[in-house]
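Participant: Dropping a structure here in structure tokens format, bear with me for questions.
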Amino acid sequence: ATPRAKRKSNCRKPRPLSCSAATSPSPSASPTTTAGAAKAGSWRDLCGLNAWVVGDYYRLVSAVNALEPPLRRLSDEQLKGKTEEFRARLGRGETLADVQAEAFSVVREAARRTLGMRHFDVQIIGGAVLHDGCIAEMKTGEGKTLVSTLAAYLNALTGDGVHGGYEV
Numbered sequence: 001a002t003p004r005a006k007r008k009s010n011c012r013k014p015r016p017l018s019c020s021a022a023t024s025p026s027p028s029a030s031p032t033t034t035a036g037a038a039k040a041g042s043w044r045d046l047c048g049l050n051a052w053v054v055g056d057y058y059r060l061v062s063a064v065n066a067l068e069p070p071l072r073r074l075s076d077e078q079l080k081g082k083t084e085e086f087r088a089r090l091g092r093g094e095t096l097a098d099v100q101a102e103a104f105s106v107v108r109e110a111a112r113r114t115l116g117m118r119h120f121d122v123q124i125i126g127g128a129v130l131h132d133g134c135i136a137e138m139k140t141g142e143g144k145t146l147v148s149t150l151a152a153y154l155n156a157l158t159g160d161g162v163h164g165g166y167e168v
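Reading the sequence shown from the start, the letters are residues 1 to 168 in the UniProt record's numbering.
Below, the structure is given as structure tokens:
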């Protein structure tokens, strides 16, 4: 077997998060928005000592949320077919970054259908952080296992597995 190429960590250096927007949700916020997550309590912990860079991940969360309604209309077979579609696109030269939002949306929908659990926005951010080769600190009950499914699925699309392979 040929040796696997090591993947360089893209972990960003931490910087404080401004919490003013995160702690002031609008009364009409839906659970799929950042403000909706704040109402549910998820953002409160980000505003403490462990606040890190999450602003760069907002665009990803917005894209994943925008893809949710069309994916809900797909049959189970069509949803399963997305995996082969992603692999074909990667084979044609697209990158994991190109399919990340769609792949995360597929995982979110599959979890909703099979487990009755839908990834919250902060869990989407956690999956992206893991994919970037970083560790996301989460407290008990915040969905670490659900978060890991996002990065695991995305990285498994290449066929290289999802364990190890990082150099610091």
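Backbone N, C-alpha and C define an ideal beta-carbon position, used for all residues, glycine too.
1) Please look up how many angstroms separate the CB atoms of Leu71 and Val106, rounded, as I've assumed it's under 8 Å.
2) For the alpha helix (DSSP H) that Leu79 lies in, which residues bound it at each end?
3) For Ala103, I'd like the list of residues in its chain whose CB is within less than 7 Å of its CB, leaving aside the five on either flank, ordered along the chain.
4) State yes or no: is the C-beta of Val64 within less than 8 Å of the C-beta of Arg113?
5) Closest to Leu115 by CA distance: which of Leu146, Leu130 and Gly93 is it?
6) Could you give the first and the last residue of the continuous alpha helix (DSSP H) run that contains Arg107?
Facilitator: Straight from the coordinates:
1) About 7 Å; that satisfies the 8 Å criterion.
2) Annotation: the continuous alpha helix (DSSP H) that includes Leu79 extends over Asp76 to Gly91.
3) Closer than 7 Å at the Cβ level, and outside the excluded window around Ala103, lie Phe86, Tyr153, Leu154 and Leu157.
4) No Cβ-Cβ contact shorter than 8 Å links Val64 with Arg113.
5) The shortest Cα separation from Leu115 among Leu146, Leu130 and Gly93 belongs to Leu146.
6) The question names Arg, but residue 107 in the sequence shown is Val. In the DSSP assignment, Val107 falls within the unbroken alpha helix (DSSP H) covering Leu96 to Leu115.
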